[in-house]
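**Q**
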């Protein structure tokens, strides 16, 4: 690969300033960059760091000066840099060709350009879309569907009937489609509730290492396109997550929660069952959202139980003022209640 | 498989109303059910939903009307439905027969009807009970014991010396018997404390995907029969968990805690070392139980540090009233302290 | 193996009292010990338990009496016991020799005494140091470096370019080097930020089961020597962790945090991005450290948002006193505001 600064500018709609023929072969942090590696500058205060770089070309905000370098100006340099990187860097190969030790059921349908790593297992009636790559030790259960361009890193496990859209990336150790945690108590023990739904994942979803997404019980678990789930996230049975929602590491979502699109959950957030998080709502790290609660669109919540951020901050400030309030109360008492 | 409504009624002690010859071949949600799939109705408010279903037969509470359908009446419809599902549905096959790529040590004892999936590894002196199924890539360490009817989904790892009772189900990616996290600090570094105990799991336990249960250090880690652990739960060395206790996702239990039977821990609960949770106690989601604490039988706690739920709620309510209290204080001050 | 009490005393600098010829072949808890298994006594109050043991030899504090046994006295019996165990017990073998099903790239460099378990995959240009043991189903990505004496339990996954120092122990299911969770939002979707750094782990590090350590984005993720990470810990991209820091289970560290040496994080701690935890600082279980915060050297913090422990305790105590304060306020009001 490799593109000129001009080619990048045209592909991404950036404003080119300086020598458009500079060849770019990769991306790097300013300190590590060679001449042909693209860097970016997010805020003017980092300009000296960028200036000192060996890189010949930088993506920069509208106003930043950076004399002597080829500049690609735009309003969101970090996003442009991310997109430029996708054009400059081939994603690392997870597998090449179908390894001789991969076990692929006769009834599985394998599209063109599929690669399957060593010791991977693809069960009956599974479908692997064009150019999909499966790493070593992946298990694709009966009747699963893997869309075009999916990338499953080593030892991803899909239980039977899991459906991935196109260009889904799943990191090592993630488990999709395990039984939901549903029991009904009677006669002193817990009877397992049937877990016979499926998991359906949209296009362009990324799922972190060792994350777990359970299958639906009688319904399905559904994750829409563009969703990003970090490592060790847990998504329970029958949850629905809207498009482009982002969920940071170790967050857990209980059964039957519904999240809108463009929701943002910090790390270690916990959600009880049957919560509703409307579009664009935000929950800060470690927030605890009670069973059945609704977080309104655009709202930001924090704390356990989760409450509007402003309220949390106000309460927290009052907590800090308690010694002073007590002192004032005591003073009044001294005045009033003297014997 | 397939059973008539009458057969189900007899097997489960339900009161049959209507045509007992209706044949049932599965279970479903009302909206998805075909005529021969059993549905259930938990509360009368959902009656319209059940009435509109194509299903011919429903499990219903004592009083619910549902004209035109065969009804199986009982006091706990959801539990009865779960038990009916277990009679109607064969659990999905994890493996069939012993795959030619499974590596089974010569000294391992394999009972009748055992199935072992591709690339699984069973080490020396392990025992696999009658009808046990092991998925692809499972590893059963030296001297482990797998009881009858156990179901290990793909890539479950048992370190040496782990013992499972009968009918234990372990989901993909769970790790049983890893070394406990025990060190002793001296001379500027942490010396690993010996982790030479075992893990012992009772009958009918279910363990979620990517959960981790550490082996004992000098003693053992013990989980009694009927316990249910959700995904990503962590159980440290030397923990003891009593029968039929239920622990939701991402909860972590530190070393040497003792939990009674029928305890209920919500998701993301954290327990310090050497805690005691007595029979039937409940900890709400994200509760944090301090080192060495005891939660009494029947008590419900919440918050960090965990306290009785009523106290938590009261404190939380007071927190919300602080602005008002401060306002009242100010008013008094204005009256009393005027110059 | 097997050592006499005298040999142990000399190797560890303990004060021998009694018969130095007692042969020791292992370690155990007092109740389980046979005559030739070493026990220890941490505090005098447990002396009766130790006295009743069949063990012939015990490591004990300076003053403890334990008539009839061979005693090894020192100031830190537990640490001495841990070190003695390391001398008496051979760590359990993870693999012996190179299994015929292990797939090792021709360009990988394999040092003397390396053992690789069944179905493990070692990719091109990887290096395995002297005596390293890799369990079944491990995956060692292209160009990774595994130092001497490393122990990788079954199905550890190293993405390409992960570097482990010497004597690193990694438990089953851990994933090192997965892509960091970095995106830049623009035009309604999240663009993946390049994740092209590496993971570098120092000597004598131990990493728990199903833990995840992400690779750096443009920089690297670095964990220094002697660090201990418990199960299900999450370390994000570009994090740096100083020597001998200990992190308990399920703790999550967001991108670009810097932790000093000898830091101690309890379980389920959450850290926002770009935090700094100075040397020797402590965060209690479930503490939540906000983005960009600094915890000073030697400080102990707790709560969310994390604050000094003394402050947390004080605030918590005030919270408990609110009903009383309100009562006192009411009493004043009655006096002052009577009609």
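Chains as they are written, first to last, in the numbering used here: chain A, 4 to 342; chain B, 4 to 342; chain C, 4 to 342. Quick reminder that beta carbons are idealized off the backbone N, C-alpha and C, glycines included.
Cα-Cα, which of 302/A, 338/A, 276/A, 147/A is closest to residue 265/A?
**A** Working through the first chain from its first residue, we reach residue 265/A at position 262. It is 302/A whose Cα lies nearest to the Cα of residue 265/A.
**Q** Apart from the five residues on each side of it in sequence, which residues of its chain come closer than 6 Å, Cβ to Cβ, to residue 315/A?
**A** What you label residue 315/A is simply residue 312 of the first chain in a count that begins at 1. So the qualifying residues of the chain are 305, 306.
**Q** Quick check: is the beta carbon of residue 24/A nearer than 7 Å to any beta carbon in chain B?
**A** What you label residue 24/A is simply residue 21 of the first chain in a count that begins at 1. Judged by the 7 Å Cβ criterion, residue 24/A is not in contact with chain B.
**Q** Do the region 27-42 of chain B and the region 54-70 of chain B meet, that is, are 3 or more Cβ pairs less than 8 Å apart?
**A** yes
**Q** On the three-pair Cβ rule with 8 Å, is the region 172-188 of chain C touching the region 122-137 of chain C?
**A** no
**Q** Buried or exposed: where does residue 343/B fall if 16 or more other Cβ atoms within 10 Å of its Cβ makes it buried?
**A** Nothing about residue 343/B can be read from this structure; chain B reaches only from 4 to 342.
**Q** Could you check what DSSP says for residue 137/B in three-state terms: helix, strand or coil?
**A** Stepping through the second chain from its first residue, residue 137/B is reached at position 134. Strand.
**Q** Could you run through the region 285-312 of chain A and flag, in chain order, every residue whose CB is less than 7 Å away from some CB of chain B?
**A** Listed by position along the chain: 291, 307.
**Q** Which term fits residue 103/C, buried or exposed, when burial requires 16 or more other beta carbons within 10 angstroms of its beta carbon?
**A** Against the third chain, residue 103/C aligns to sequence position 100. Counting the other Cβ atoms within 10 Å of the Cβ of residue 103/C gives fewer than 16, which makes it exposed.
**Q** Around the C-beta of residue 308/A, are 16 or more other C-beta atoms found within 10 angstroms, so that it is buried, or is it exposed?
**A** The count along the first chain starts at 1 and reaches residue 308/A at position 305. Label assigned to residue 308/A: buried.
**Q** Rounding to the nearest angstrom, what Cα-Cα distance links residue 33/C and residue 51/C in this structure?
**A** Taking the third chain and counting its residues from 1, the one referred to as residue 33/C is at position 30. Taking the third chain and counting its residues from 1, the one referred to as residue 51/C is at position 48. Residue 33/C and residue 51/C: Cα-Cα distance of roughly 10 Å.
**Q** On the three-state DSSP scale, how would you describe residue 311/A?
**A** Counting from 1 along the first chain, the entry for residue 311/A is found at position 308. Looking at residue 311/A - three-state DSSP - the assignment turns out to be strand.
**Q** Would you kindly work out how many angstroms separate the C-alpha atoms of residue 66/A and residue 21/A, rounded to a whole number?
**A** In the first chain, residue 66/A corresponds to position 63, counting from 1. In the first chain, residue 21/A corresponds to position 18, counting from 1. Roughly 15 Å separates the two Cα atoms.
**Q** With a threshold of 7 Å between beta-carbons, can residue 240/A be considered close to chain B, or not?
**A** The residue labelled residue 240/A in the question sits at position 237 within the first chain. Not closer than 7 Å to any Cβ of chain B, the Cβ of residue 240/A fails to qualify, so no.
**Q** Are the beta-carbon atoms of residue 244/C and residue 216/C separated by less than 7 Å?
**A** Position 241 of the third chain, counted from the start, is the residue given in the question as residue 244/C. Position 213 of the third chain, counted from the start, is the residue given in the question as residue 216/C. Result no, Cβ atoms of residue 244/C and residue 216/C do not sit closer than 7 Å.
**Q** Nearest CA to the CA of residue 3/B: which residue from 162/A, 184/A, 79/A, 26/A?
**A** Coverage of chain B is limited to positions 4 through 342, which leaves residue 3/B absent and any answer about it impossible.
**Q** Quick one: what's residue 172/A bridged to in DSSP?
**A** Counting from 1 along the first chain, the entry for residue 172/A is found at position 169. Answer is 154/A, 209/A, bridged to residue 172/A.
**Q** Do the region 7-16 of chain A and the region 76-93 of chain A make contact, defined as three or more Cβ pairs closer than 8 Å?
**A** They touch, by the three-pair rule.
**Q** Residue 115/B by DSSP, collapsed to three states: which one?
**A** If you number the second chain from 1, residue 115/B lands on position 112. DSSP places residue 115/B in coil when its eight states are reduced to three.
**Q** Against chain C, with Cβ distances strictly below 7 Å, would residue 206/A count as a contact?
**A** Residue 206/A sits at position 203 when you count from the first residue of the first chain. By this cut-off, residue 206/A is not an interface position.
**Q** Do residue 169/C and residue 151/C have their C-beta atoms within less than 7 Å of each other?
**A** In the third chain, counting from the first residue as 1, residue 169/C sits at position 166. In the third chain, counting from the first residue as 1, residue 151/C sits at position 148. Yes; because the gap between Cβ atoms is below 7 Å, this pair is in contact.
**Q** Mind listing the chain C neighbours of residue 275/B? Cutoff is C-beta to C-beta under 7 Å, in chain order.
**A** For the purposes of this step, residue 275/B is taken as the residue at position 272 of the second chain. The answer, in chain order, is 288.
**Q** Pull out every residue of the region 110-136 of chain B whose Cβ sits closer than 7 Å to any Cβ of chain A, in chain order.
**A** Per Cβ criterion, the list reads 121, 122.
**Q** Exposed or buried, what is residue 110/A when buried is set at 16 or more other beta-carbons lying within 10 Å of its beta-carbon?
**A** Residue 110/A sits at position 107 when you count from the first residue of the first chain. Exposed, by the Cβ-count rule.
**Q** Are residue 254/A and residue 242/A close, meaning C-beta to C-beta below 7 Å?
**A** Start at 1 with the first residue of the first chain, and residue 254/A comes out as number 251. Start at 1 with the first residue of the first chain, and residue 242/A comes out as number 239. It is not a contact, given that the beta carbons lie outside the stated cut-off.
**Q** Find the residues of chain C that neighbour residue 339/B, judging by a C-beta separation of less than 8 Å, and give them in chain order.
**A** Within the second chain, residue 339/B is the residue found at index 336, counting from 1. Within chain C, the residues near residue 339/B are 339.
**Q** Whole angstroms is fine: what's the gap from residue 131/B's alpha carbon to residue 291/C's?
**A** Mapped onto the second chain, residue 131/B falls at position 128. Mapped onto the third chain, residue 291/C falls at position 288. Cα to Cα, the separation comes out at about 44 Å.
**Q** Check the Cβ of residue 211/C against every Cβ in chain B and list those closer than 8 Å, keeping chain order.
**A** Position 208 of the third chain holds residue 211/C. Those are 181, 184, 215, listed as they occur along chain B.
**Q** What do you get for residue 94/C, buried or exposed, if any count of 16 or more other CB atoms within 10 angstroms of its CB means buried?
**A** Taking the third chain and counting its residues from 1, one reaches residue 94/C at position 91. So residue 94/C counts as exposed.
**Q** Tell me where the alpha helix (DSSP H) around residue 13/B begins and ends.
**A** One-based indexing of the second chain puts residue 13/B at position 10. Note, residue 13/B: alpha helix (DSSP H), 8-15.
**Q** Given a threshold of 16 other Cβ atoms within 10 Å of its Cβ, counted over all protein chains shown, does residue 182/B qualify as buried or as exposed?
**A** By 1-based counting over the second chain, the position of residue 182/B is 179. The C-beta of residue 182/B has 16 or more other C-beta atoms within 10 Å across all chains shown, which makes the residue buried.
**Q** Please state the DSSP three-state secondary structure of residue 181/B.
**A** Taking the second chain and counting its residues from 1, the one referred to as residue 181/B is at position 178. In the structure shown, residue 181/B sits in a strand (DSSP, three-state: E or B).
**Q** Among 269/A, 294/A, 258/A, 133/A, which residue has its Cα nearest to the Cα of residue 221/A?
**A** Position 218 of the first chain holds residue 221/A. Checked all of 269/A, 294/A, 258/A, 133/A; the closest Cα to residue 221/A is 258/A.
**Q** Can you tell me whether residue 333/C is helix, strand or coil according to DSSP?
**A** Locating residue 333/C in the third chain gives position 330, where the first residue counts as 1. Residue 333/C: helix per DSSP, three-state reduction.
**Q** Give me the Cα-Cα distance between residue 19/A and residue 289/B, rounded to the nearest whole angstrom.
**A** Indexing the first chain from 1 puts residue 19/A at position 16. Indexing the second chain from 1 puts residue 289/B at position 286. The straight-line gap from Cα to Cα measures roughly 51 Å.
**Q** Please report the distance separating the alpha-carbon of residue 25/C from that of residue 233/B.
**A** Within the third chain, the letter at position 22 stands for residue 25/C. Within the second chain, the letter at position 230 stands for residue 233/B. Distance between the alpha carbons of residue 25/C and residue 233/B: 47 Å.
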